[in-house]
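Novice: Here the protein sequences come in this chain order: F and H. Take 25 as the starting number for the first sequence in my numbering and just add one per residue. Take 28 as the starting number for the second sequence in my numbering and just add one per residue. Got a structure here, written out as structure tokens. Questions coming.
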Amino acid sequence: MRKVGIAGVGHTKFGRSEVPLVDMLALAALEALDDAGIRTGKGHGVDQVFVASMGAGLLNRQSSVASALVDTLNLQPAMAETVENGPASGASAVKLGYMGIASGMCDVALVVGGELMRVVTGWEATDFVATMLHPDAEYAYGLTLPAFAGMFTRLYMDKYGVTEKDLAMVAVKNHEHAMHNPVAHIQLVPSFHAIIEDEDAPVINPYVAEPLRVYDVCPVSDGAAAVVLCAMDLADRFPKKPVRIAGIGQATDTHVVAEREVPTDLLAVRLAAQRAYAMAGLKPEDIDVAELHDAFTILEIAISEEAGLFPRGEGHLAVRRGETRVGGRIPINTSGGLKAKGHPLGATGVSQIVELVRQLRGEAGGRQVEGARHGLAVNFGGFGNNVVATILSKEE
Amino acid sequence: MEPRMYAYRCTACGKLFHPARAVCRECGGREFEAVPLEGEGTLLTYTRVYALPEGYMKPWLGFGIVEFPNGVRVSGQLNAEDLAVGMKVRATVGVVKEGVGRDYYGFIFEKAAQV
Numbered sequence: 025m026r027k028v029g030i031a032g033v034g035h036t037k038f039g040r041s042e043v044p045l046v047d048m049l050a051l052a053a054l055e056a057l058d059d060a061g062i063r064t065g066k067g068h069g070v071d072q073v074f075v076a077s078m079g080a081g082l083l084n085r086q087s088s089v090a091s092a093l094v095d096t097l098n099l100q101p102a103m104a105e106t107v108e109n110g111p112a113s114g115a116s117a118v119k120l121g122y123m124g125i126a127s128g129m130c131d132v133a134l135v136v137g138g139e140l141m142r143v144v145t146g147w148e149a150t151d152f153v154a155t156m157l158h159p160d161a162e163y164a165y166g167l168t169l170p171a172f173a174g175m176f177t178r179l180y181m182d183k184y185g186v187t188e189k190d191l192a193m194v195a196v197k198n199h200e201h202a203m204h205n206p207v208a209h210i211q212l213v214p215s216f217h218a219i220i221e222d223e224d225a226p227v228i229n230p231y232v233a234e235p236l237r238v239y240d241v242c243p244v245s246d247g248a249a250a251v252v253l254c255a256m257d258l259a260d261r262f263p264k265k266p267v268r269i270a271g272i273g274q275a276t277d278t279h280v281v282a283e284r285e286v287p288t289d290l291l292a293v294r295l296a297a298q299r300a301y302a303m304a305g306l307k308p309e310d311i312d313v314a315e316l317h318d319a320f321t322i323l324e325i326a327i328s329e330e331a332g333l334f335p336r337g338e339g340h341l342a343v344r345r346g347e348t349r350v351g352g353r354i355p356i357n358t359s360g361g362l363k364a365k366g367h368p369l370g371a372t373g374v375s376q377i378v379e380l381v382r383q384l385r386g387e388a389g390g391r392q393v394e395g396a397r398h399g400l401a402v403n404f405g406g407f408g409n410n411v412v413a414t415i416l417s418k419e420e
Numbered sequence: 028m029e030p031r032m033y034a035y036r037c038t039a040c041g042k043l044f045h046p047a048r049a050v051c052r053e054c055g056g057r058e059f060e061a062v063p064l065e066g067e068g069t070l071l072t073y074t075r076v077y078a079l080p081e082g083y084m085k086p087w088l089g090f091g092i093v094e095f096p097n098g099v100r101v102s103g104q105l106n107a108e109d110l111a112v113g114m115k116v117r118a119t120v121g122v123v124k125e126g127v128g129r130d131y132y133g134f135i136f137e138k139a140a141q142v
């Protein structure tokens, strides 16, 4: 199997897009192609394009987005597919790009993830995201991702002693990280005192799905992210040394959340991470920086444990000790995470990879993790029923 | 539509499931028989949601995960105050969502009568 690397990355400013879906995808794609030194036009050398989008059909009433993107970028006759795997669409698309190159079927693949969500109201966006739940046993009740996250949080608090303050610490940390990331949606750090300690905290930071509050939940964002994947045996073609994809793991769990044997377990996260570590020949202790799917603050804590970065039930203690901030032992969500950078669903998995590439290249500016060699991304679909873990390694 | 909820028993191994599924998790069996799922259960966790999706006119709704004595766990709406994990709740069946031309029925859990 050929080794696969990332030769270029691109990322739009998350938030509200001024341009339609495919134009937004093209902005990220062109930045990634430029970064990889690929000139558009004849002889571009891109064999395959994957576009990750969860909602183009539902939100934007557009299908076959990858075909449209290939055309606007003038990449014909490259192969093209649109990939839908809920909020894990991005990492799934990267995985498929990896498979395409590792198999020998192509040499260079462009992977773009994007979502244009702010064309609908917040209520419609919440409804749209909930369509990934079980139609009869969950969705029809009005259950949503925040509802399941709230119920999960209550169990986690009871079992492990996680507090609302711990969750607020995660939020503030990620907002602080985002201040150093120019493409993050929210460029503002909330005051810890104001959102959790002040007598007006329930007004400033009201409950969304008890015990989760506004500042525990990611915003609704537009945005796109892109990576250029290449066979490592072709690394000399590109101006920057490609960052190697060392391991990818993916796992699924029950669709219906109530059916999980241990309701506080995120089994698919554990299995996906274990598979990624095994493929990379690495252990959790080898990871220097991690992007974990903090659509809700509790998920950053729970995923950090399931991925082996901390013992079970101790993720929140690491947050209290400051171990997960830039400068700490294992910085998590240096990009600002979904919480502050934003969560355009199809973009997120690709965006996590973009952040890791920037960290491993030493291009992360004020949020740089010094000497980072191995990075882990966990992209979480459903309420944990389809999870992709990816490990990147710096080539020495 | 008869407002009644069911679990589905694998005819090969007897394991119960909700909702219906194609293949038994336990034994791989493919045939199931419907058995009514009702009565009291235990509240495992709960939440009150203030940002409801499109289609709901209420300011908030309660939701919970409940385990029936037969081991089946389900999600449902929760119409009760003073909630606590581990409390007994009673399953009722009602309209959980009003749709165009049809209503959706499902579990609405209420506090079990005090003994």
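Backbone N, C-alpha and C define an ideal beta-carbon position, used for all residues, glycine too.
(1) Only counting the same chain, and skipping five residues up and downstream in sequence, which positions put a Cβ closer than 8 Å to that of serine 87(F)?
(2) Just the chain H side, please: which residues come within less than 7 Å of leucine 167(F) by C-beta, in chain order?
(3) Under the assumption that phenylalanine 320(F) contacts alanine 173(F) (Cβ atoms under 8 Å), give the Cβ distance between them as a whole number of angstroms.
(4) May I ask you to verify whether the region 190-205 of chain F touches the region 357-370 of chain F, counting CB pairs closer than 8 Å and requiring at least 3?
(5) When you compare the CB of alanine 78(H) with every CB in chain F, is at least one pair closer than 8 Å?
(6) According to the neighbour-count rule (16 or more other Cβ atoms, all chains shown, within 10 Å of its Cβ), is alanine 49(H) buried or exposed?
(7) Between valine 116(H) and chain F, is the shortest Cβ-Cβ distance under 8 Å, so that the two count as touching?
(8) If you pair each beta-carbon of the region 382-395 of chain F with each one of the region 246-254 of chain F, do three or more pairs fall below 8 Å?
(9) Looking only at C-alpha atoms, which of Phe216(F), Val402(F), Ala388(F) sits nearest to alanine 396(F)?
(10) Under 8 Å between C-beta atoms, does alanine 154(F) make it to chain H?
(11) Glutamate 188(F) versus chain H: which residues are under 7 Å apart at the beta carbon?
(12) Let me know the secondary structure DSSP gives phenylalanine 95(H) once reduced to three states.
(13) Mind pulling the chain H residues with CB within less than 9 Å of leucine 362(F)?
(14) Which of helix, strand or coil does DSSP assign to histidine 199(F)?
(15) Quick one: is cysteine 54(H) buried, meaning 16 or more other Cβ sit within 10 Å of its Cβ, or exposed?
(16) What span of residues does the alpha helix (DSSP H) with leucine 323(F) cover, start to end?
(17) Given a cut-off of 8 Å, decide if valine 293(F) and valine 411(F) are closer than it, judged by their beta-carbon atoms.
(18) Short check: CB of tyrosine 131(H) to CB of proline 230(F), under 8 Å?
(19) Note down the Cα distance separating valine 153(F) from isoleucine 210(F), rounded to an integer number of angstroms.
(20) If the criterion is Cβ atoms closer than 8 Å, does the pair glutamine 376(F) and alanine 413(F) meet it?
(21) Does the Cβ-Cβ distance between isoleucine 415(F) and alanine 331(F) come in under 8 Å?
(22) From the DSSP output, read off the bridge partner residues of cysteine 54(H).
(23) By a C-beta neighbour count over all protein chains shown, 10 Å radius and 16 as the cutoff for buried, is serine 41(F) buried or exposed?
(24) Which runs of the beta strand (DSSP E) spanning at least 3 residues fall entirely within the region 35-121 of chain F, listed in chain order?
(25) For asparagine 109(F), count neighbouring C-beta atoms within 10 Å of its own C-beta (all shown protein chains included) and say buried if the count is 16 or more, exposed if not.
(26) Which same chain residues, not among the five before or five after alanine 171(F), have their C-beta less than 7 Å away from its C-beta?
(27) In chain H, what lies closer than 7 Å to valine 244(F) by C-beta?
(28) DSSP three-state call for threonine 177(F): helix, strand or coil?
(29) The alpha helix (DSSP H) with threonine 150(F) in it runs from where to where?
(30) My understanding is that leucine 54(F) touches glycine 32(F), with C-beta atoms under 8 Å, so please give their C-beta distance in whole angstroms.
(31) Listing by chain order, which chain H residues have their CB less than 9 Å from the CB of glycine 174(F)?
(32) Quick check on DSSP: helix, strand or coil for histidine 340(F)?
(33) Just checking my contact of alanine 90(F) with arginine 100(H) at CB under 8 Å: how many whole Å lie between their CB atoms?
(34) Which of helix, strand or coil does DSSP assign to glutamate 309(F)?
(35) Can you tell which of Gly126(H), Glu137(H), Cys40(H), Glu58(H) has the C-alpha that lies nearest to the C-alpha of leucine 88(H)?
(36) Alpha carbons only, please: which of Leu290(F), Arg261(F), Met129(F), His68(F) is nearest the one belonging to glutamine 274(F)?
Specialist: Put simply:
(1) Ala80, Gly81, Thr106
(2) Phe90, Ser102
(3) 4 Å
(4) Taking a contact to require three or more Cβ pairs closer than 8 Å, the region 190-205 of chain F and the region 357-370 of chain F qualify as touching.
(5) With its beta carbon less than 8 Å from one in chain F, alanine 78(H) belongs to the interface.
(6) Exposed, by the Cβ-count rule.
(7) Chain F contact via Cβ: absent.
(8) no
(9) Among Phe216(F), Val402(F), Ala388(F), the Cα nearest to that of alanine 396(F) is on Ala388(F).
(10) yes
(11) Those within 7 Å of glutamate 188(F) in chain H number zero; the least Cβ separation is about 14 Å.
(12) coil
(13) Near leucine 362(F) there are no residues of chain H at all, since even the closest Cβ is about 17 Å away, more than 9 Å.
(14) helix
(15) Counting the other Cβ atoms within 10 Å of the Cβ of cysteine 54(H) gives fewer than 16, which makes it exposed.
(16) 321-330
(17) yes
(18) no
(19) Valine 153(F) and isoleucine 210(F) have their C-alpha atoms roughly 21 Å apart.
(20) no
(21) Not in contact: isoleucine 415(F) and alanine 331(F) (Cβ atoms no closer than 8 Å).
(22) None; cysteine 54(H) has no bridge partner.
(23) buried
(24) 72-76, 103-107
(25) buried
(26) Ala233
(27) Neighbours of valine 244(F) on chain H: none; closest Cβ ~11 Å, over 7 Å.
(28) helix
(29) 146-154
(30) Not really, about 10 Å apart at Cβ, beyond 8 Å.
(31) Chain order gives the chain H residues near glycine 174(F) as Thr72, Tyr73, Thr74, Arg75, Val76, Phe90, where near means a beta carbon separation below 9 Å.
(32) DSSP places histidine 340(F) within a helical segment (H, G or I) once states are collapsed to three.
(33) Their Cβ separation, rounded to whole angstroms, is 39 Å, which puts alanine 90(F) and arginine 100(H) out of contact at 8 Å.
(34) helix
(35) Glu137(H)
(36) The alpha carbon of glutamine 274(F) has as its nearest neighbour, out of Leu290(F), Arg261(F), Met129(F), His68(F), the alpha carbon of Leu290(F).
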